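Chains as they are written, first to last, in the working numbering: chain C, 4 to 333; chain S, 502 to 848. Note that beta-carbon positions come from the ideal geometry of N, C-alpha and C, so glycine has one too. Source: prediction; values computed, not measured. What follows is a single structure, written as structure tokens, with notes after it.
Right under this line is the structure:
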């Protein structure tokens, strides 16, 4: 049984003009200890996916259908108590800005002990000892002193290390990391990503890494899911997504990176911008920016089809795949 | 000081320094220690003794991590804040310390593009008003019709439909807003653009659009750029020359190609290796220990010494001076000077 199984998950946002779909029936699975990257631009639905998994959606957002099976239990049907029990305990989340995650008026130690004692029947001393061990695991220098410090006394990189330690406190099965290094500098980012990878590997923790940075995904994850306008448009092994992308959007995203073009020449840009929720085009959401657009693309949204180890939602790719055997035969 | 304008650099920065005082008032500066009241003023040393040139037509990139003084340099060059020390010369004339009306001709020549197009456009102005305002301000003699024609011409040149002039900034996406910000900078036909992280707030596919626009505008108007960024892949693509800053000091200045093929300063090497690559097959990642020291209490020696694997007693005591190398690059590092750098088996 997979650790996480999402089926036809639809998330909508209520507005004056009626409910608008931020996620359009997405489905994916995550095996135990697997590391999955979710890539896409702002507004693609990456973060909403993470929030929905943790049952953290707040009004006006709501889950409008589908199921999220985590270790066989449907997160969408859980009572508030069950959700509290799951969050931080079996499933933990790491956010972009560590200063927002940490409580500024509590010491690091108080926050870690509080988390532990909320979920486990531990004495204060026992909890503090566990916190100390976890801080050592994430290579925090002089962890004893850190426990009595406040978040503002620490640097950004150190704070994000502490967040990782806190996420691992209760030995969760799954960590959802939403842009965990976007607020950090490159040299610190490389450090934190390596730590996250090491922690997930050594503790057999599943990881969902939400990011816009394909380079980060390529370093940390085994499988990658590309999202566009609330849909999954391509999923597959990270290596094949990066080396041999199928969907025109994924191709465009990779080709748009400066390192794909010789210095000084024009970058290969994707024209236009992602449609907004209120002005979603009919058919394939990418057809307004796609070079291979046909009438079919404008009419119907493409289904996700499996080709080898990648799954793609694109009429053009489907056509090519259908025609390929014929061409080979000729 | 004078030099040949035809061959000399367009922008010349000498010994630039900027301190921001933390304890402004008298009471704030009083400290009680050891039974005595003493006066102490602390300051953030944002930029320390920076010297560089920008030639006409160059795209000079300033890179470094947050807090290294990149944006402060940009703001001083654009004349938004004045330096604590040092000189800035533009086109042969000294421009630091100019005030009020004296700044006006300079503002026409040097324009700035900011990082966040959500904050840099006035939400109460339409796009048309946003573009017309600098035009009207700098060309008081021109008629309304002339100004409008110019605004429309600029809009067309950056790929904005002139029909948008009646819209407000909130009706546009981030990429479109940044186009407007670029268009606004171009309305007064500047020679020099200071761009402070102009694409960092944008999505990947939009970043490419804006970067392409900046390259096109450079060709069309013969612009010179001072480009502030932390994204090294953008630097490699866009820049002709790179200045690497660390804690307000210059580590290395070199041609883009030289810097990327043969980085010399240990920090530059670490920075280059830390960039996540798509094809993840590089053998050595460089691990830098520790964090950037605070710019309030600057170390006496090399600012990078606390994180450098090659740091020795000299590095801790004496700040390295920027020295020119055979290939034209300028490096401030004792280890490079003493040829100890080869001991580093990085990159």
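Residues of the region 627–651 of chain S with a CB closer than 9 Å to any CB of chain C: list them in chain order, please.
So nothing in the stretch comes that close.
Just to confirm the assignment, what range does the alpha helix (DSSP H) spanning residue 290 (chain C) have?
Where residue 290 (chain C) is concerned, there is no enclosing alpha helix (DSSP H), given that its DSSP letter is neither H nor E.
Under the assumption that residue 699 (chain S) contacts residue 616 (chain S) (Cβ atoms under 8 Å), give the Cβ distance between them as a whole number of angstroms.
Contact holds; Cβ gap of about 7 Å.
Is the shortest distance between the beta-carbon of residue 49 (chain C) and the beta-carbons of chain S less than 9 Å?
False, the Cβ-Cβ gap to chain S never drops below 9 Å.
Classification of residue 139 (chain C) by the beta-carbon crowding that lies within 10 angstroms, buried from 16 upward:
When all chains shown are included, residue 139 (chain C) counts as exposed.
Compute the beta-carbon to beta-carbon distance between residue 180 (chain C) and residue 97 (chain C), rounded to the nearest angstrom, for a pair I have assumed lies under 8 Å.
Yes, they are in contact, since the Cβ atoms of residue 180 (chain C) and residue 97 (chain C) sit about 4 Å apart, within 8 Å.
To the nearest whole angstrom, what separates the beta carbons of residue 805 (chain S) and residue 767 (chain S), a pair I think is in contact under 8 Å?
Residue 805 (chain S) to residue 767 (chain S), Cβ: 7 Å. Contact.
Using three-state DSSP, classify residue 752 (chain S) as helix, strand or coil.
Three-state result, residue 752 (chain S): strand.
According to the neighbour-count rule (16 or more other Cβ atoms, all chains shown, within 10 Å of its Cβ), is residue 738 (chain S) buried or exposed?
In summary, residue 738 (chain S) is buried, with 16 or more beta-carbon neighbours lying within 10 Å of its beta-carbon over all protein chains present.
Distance check for residue 45 (chain C) and residue 674 (chain S), CA to CA, integer angstroms please.
Each residue's Cα considered, the two are about 11 Å apart.
Apply the 10 Å Cβ neighbour rule to residue 625 (chain S) and answer buried if 16 or more other Cβ atoms are within range, or exposed otherwise.
Burial state of residue 625 (chain S) is exposed, judged by a 10 Å Cβ sphere holding fewer than 16 other Cβ atoms.
Start-end ranges of the alpha helix (DSSP H) lying completely within the region 93–177 of chain C, minimum 4 residues:
Entirely contained in the region 93–177 of chain C, the alpha helix (DSSP H) runs reaching 4 residues are, in chain order, 101–104, 111–122, 127–140, 146–150, 159–171.
Identify every run of the alpha helix (DSSP H) within the region 796–830 of chain S, keeping only runs that are complete inside it and at least 4 residues long; order them along the chain.
For the region 796–830 of chain S, the full-length alpha helix (DSSP H) segments reaching 4 residues or more read 814–818 along the chain.
Reducing DSSP to helix, strand and coil, say where residue 203 (chain C) ends up.
Residue state, collapsed to three classes: helix.
Which term fits residue 332 (chain C), buried or exposed, when burial requires 16 or more other beta carbons within 10 angstroms of its beta carbon?
With a pLDDT of 48 at residue 332 (chain C), under the threshold of 50, the modelled position of this residue cannot be trusted, and the question is left open.
Using a Cβ-Cβ distance cut-off of 9 Å, determine whether residue 314 (chain C) contacts chain S.
No - not a single Cβ of chain S is within 9 Å of the one on residue 314 (chain C).
Here's the rule: buried if 16 or more other CB atoms are within 10 angstroms of the residue's CB, otherwise exposed. What is residue 1 (chain C)?
Outside the displayed range of chain C (4 to 333) lies residue 1 (chain C), so it cannot be described from this structure.
Taking residue 524 (chain S) as part of the beta strand (DSSP E), name the residues at either end of that continuous run.
Where residue 524 (chain S) is concerned, there is no enclosing beta strand (DSSP E), given that its DSSP letter is neither H nor E.
Identity of the residues DSSP links to residue 594 (chain S) by a beta bridge:
According to DSSP, residue 594 (chain S) shares a beta bridge with S:591.
Can you look up residue 249 (chain C) in the DSSP assignment and give me helix, strand or coil?
Of the three classes helix, strand and coil, the one that applies to residue 249 (chain C) here is coil, per DSSP.
Range covered by the alpha helix (DSSP H) that runs through residue 638 (chain S):
Bounds of the alpha helix (DSSP H) holding residue 638 (chain S) are 628–639.
Ordered along the chain, which non-local residues of its own chain (more than five positions away) have a Cβ less than 7 Å from that of residue 59 (chain C)?
Counting only Cβ-Cβ distances below 7 Å, and skipping sequence neighbours, we find nothing.
So with CB distances below 7 Å, who are the chain C contacts of residue 704 (chain S)?
Per Cβ cutoff of 7 Å: 44, 45, 215.
Taking residue 539 (chain S) as part of the beta strand (DSSP E), name the residues at either end of that continuous run.
Start and end: 537–540.
Going by DSSP in three states, residue 208 (chain C) sits in which element: helix, strand or coil?
Correct three-state label for residue 208 (chain C): coil.
Since residue 213 (chain C) and residue 237 (chain C) should fall inside the 8 Å C-beta cutoff, what is the C-beta to C-beta distance between them, to a whole number of angstroms?
With a Cβ gap of about 16 Å, residue 213 (chain C) and residue 237 (chain C) do not count as contacting.
Whose CA, out of C:109, C:285, C:293, lies closest to the CA of residue 254 (chain C)?
For the options C:109, C:285, C:293, the alpha carbon positioned closest to that of residue 254 (chain C) is the one of C:293.
Alpha carbon to alpha carbon, how far is residue 556 (chain S) from residue 623 (chain S)?
Roughly 33 Å separates the two Cα atoms.
Between which residues of its own chain and residue 8 (chain C) is the CB-CB distance below 7 Å, once the five residues before and five after are set aside?
Scanning its chain for C-beta atoms nearer than 7 Å, with the 5 sequence neighbours on each side dropped, one finds around residue 8 (chain C) the residues 32, 72, in chain order.
Checking 9 Å against the spacing of the C-beta atoms, do residue 271 (chain C) and residue 285 (chain C) come in under that value?
No. Outside cutoff.
Check whether the Cβ of residue 744 (chain S) lies closer than 9 Å to any Cβ atom in chain C.
Not closer than 9 Å to any Cβ of chain C, the Cβ of residue 744 (chain S) fails to qualify, so no.
Quick check on residue 225 (chain C) - is its C-beta less than 9 Å from some C-beta in chain S?
Interface with chain S (9 Å Cβ-Cβ cutoff): residue 225 (chain C) is excluded.
Would DSSP call residue 228 (chain C) helix, strand or coil?
In the structure shown, residue 228 (chain C) sits in a strand (DSSP, three-state: E or B).
Beta carbon of residue 520 (chain S) nearer than 9 Å to that of residue 589 (chain S):
Contact annotation: residue 520 (chain S) and residue 589 (chain S) have beta-carbon atoms that are not nearer than 9 Å.
Can you tell me whether residue 57 (chain C) is buried or exposed? The criterion is at least 16 other CB atoms within 10 Å of its CB, across all chains shown.
Buried, because 16 or more other Cβ atoms sit within 10 Å of the Cβ of residue 57 (chain C).
So who's on the other strand from residue 562 (chain S), going by DSSP bridges?
DSSP, once it has assigned bridges, lists S:728, S:743 as partnering residue 562 (chain S).
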